[in-house]
Amino acid sequence: MKRALALVAVPALAISLAACGDDGSDDAKGPMSGRSMPASASPSDGGSQARHNDQDVMFAQMMIPHHRQAVEMADLAATRAASPEVKQLAAEIKKAQDPEIEQMSAWLTGWGAPVPSPGVSDPGHMGHGGMEGMMTDEQMKDLEGAEGAAFDRAFLTMMIKHHEGAVAMAGTEQTSGRSPEAKKMAADIVTSQSAEITRMRKLLKQ
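Below, the structure is given as C-alpha cells:
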C-alpha cells in the first residue's frame, strides 16, 4: 500500500513542480514586459520633440518683430498715405501679418522658447544677429514724418526692402526648418509677399 502511494505521489509532485516553474516564467515575463513600455513610449516622445528644430525657433523669433514692424508701417499708411492703392495694400499687410504673429508666438510658447517682447526690433540678444530688411529707428522716424505722395514713395520703397528680407528668411526656413506648420507659413510668406513686391514696384512706377 505504501509503495503504491509513493508511486502516485512522485508523478504528482513532478506535475506540481512543473506548474510552479510555469508560474515563475510568467512572473519573469511580466516585469520585462512592464519595463518595455517606456522604451516603446520613448520613440513617441522623441517624435513629438522632433517636430521642430532650432531653425524653426529662430524663424519665429526673428519673424515676429519683423512682422510687427511691417504692421507699424501699415498703421502709418492709414492716416498719412495719399494713394488709395497704398492704403489698401497696407490694410492687407496688417490683416495678413497680425494673425501670423499670434500663431508664431503660440508655437514658441509650445516649444518652450522665449517670445520676443513688443518693442524689440532686433532679437540679437537671442543670438540670431540682425534681420534682413528691417528699418532702422531713423528710417521709421522719417516715415512717420512724411505725408501724402512723399509718404507713399517712402512706404513702398521701404516695404519692398522689408518684404525682400522676409522672403529671404522664409526661404531659409523652407530649406532648413523641420516643423511642418512653420514651413507651411514660410511658403505662404514667400508666395504672398513676392506678389506684393511686384505690386508695390508697379505702384512706384505710377
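With mature numbering (1 follows the signal peptide of the UniProt record, and there is no 0) as the guide, the letters of the sequence shown map in order to residues -21 to -1, 1 to 185. Don't be surprised by glycine CBs; every beta carbon is placed ideally from N, CA and C.
Could you pull the start and end residues of the alpha helix (DSSP H) that residue i belongs to?
i	result
G89	63 to 90
V94	It is not in any alpha helix (DSSP H) - V94 carries neither H nor E in the DSSP assignment.
A145	127 to 155
M110	Run containing M110: none; DSSP gives neither H nor E here.
R178	159 to 184
Return helix, strand or coil for residue i, following the three-state DSSP convention.
i	result
A60	strand
M41	helix
H46	helix
E117	helix
G103	Only weak support is given to the placement of G103: the predicted model assigns it a pLDDT of 48, under 50, and the question is left unresolved by the model.
V36	helix
Could you say which of the options lies nearest to residue i if we only look at CA atoms?
i	options	result
D121	H141, F134, A49	F134
I139	K66, R178, E126	R178
A149	S158, N32, V169, R157	V169
E175	T115, L68, M114, E126	L68
M52	P63, D35, A70	A70
M119	P93, Q185, A56	A56
A145	R180, A92, S62, S171	S171
Here's a check: name, in chain order, each residue in its chain whose Cβ is nearer than 6 Å to the Cβ of residue i, leaving out the five neighbours to either side.
i	result
L183	L135
N32	R157
K73	V50, A53
S84	V94
E126	R59
E143	G112
Tell me which same chain residues have a C-beta within less than 8 Å of the C-beta of residue i, skipping the five on either side of it?
i	result
Q153	K162, A165, A166, V169
In chain order, what residues of the same chain have a beta carbon less than 7 Å from the beta carbon of residue i, not counting five sequence neighbours either side?
i	result
H46	Q76, E79, I80
P95	Q40, I43, P44, P102
S155	Q34
E64	L182
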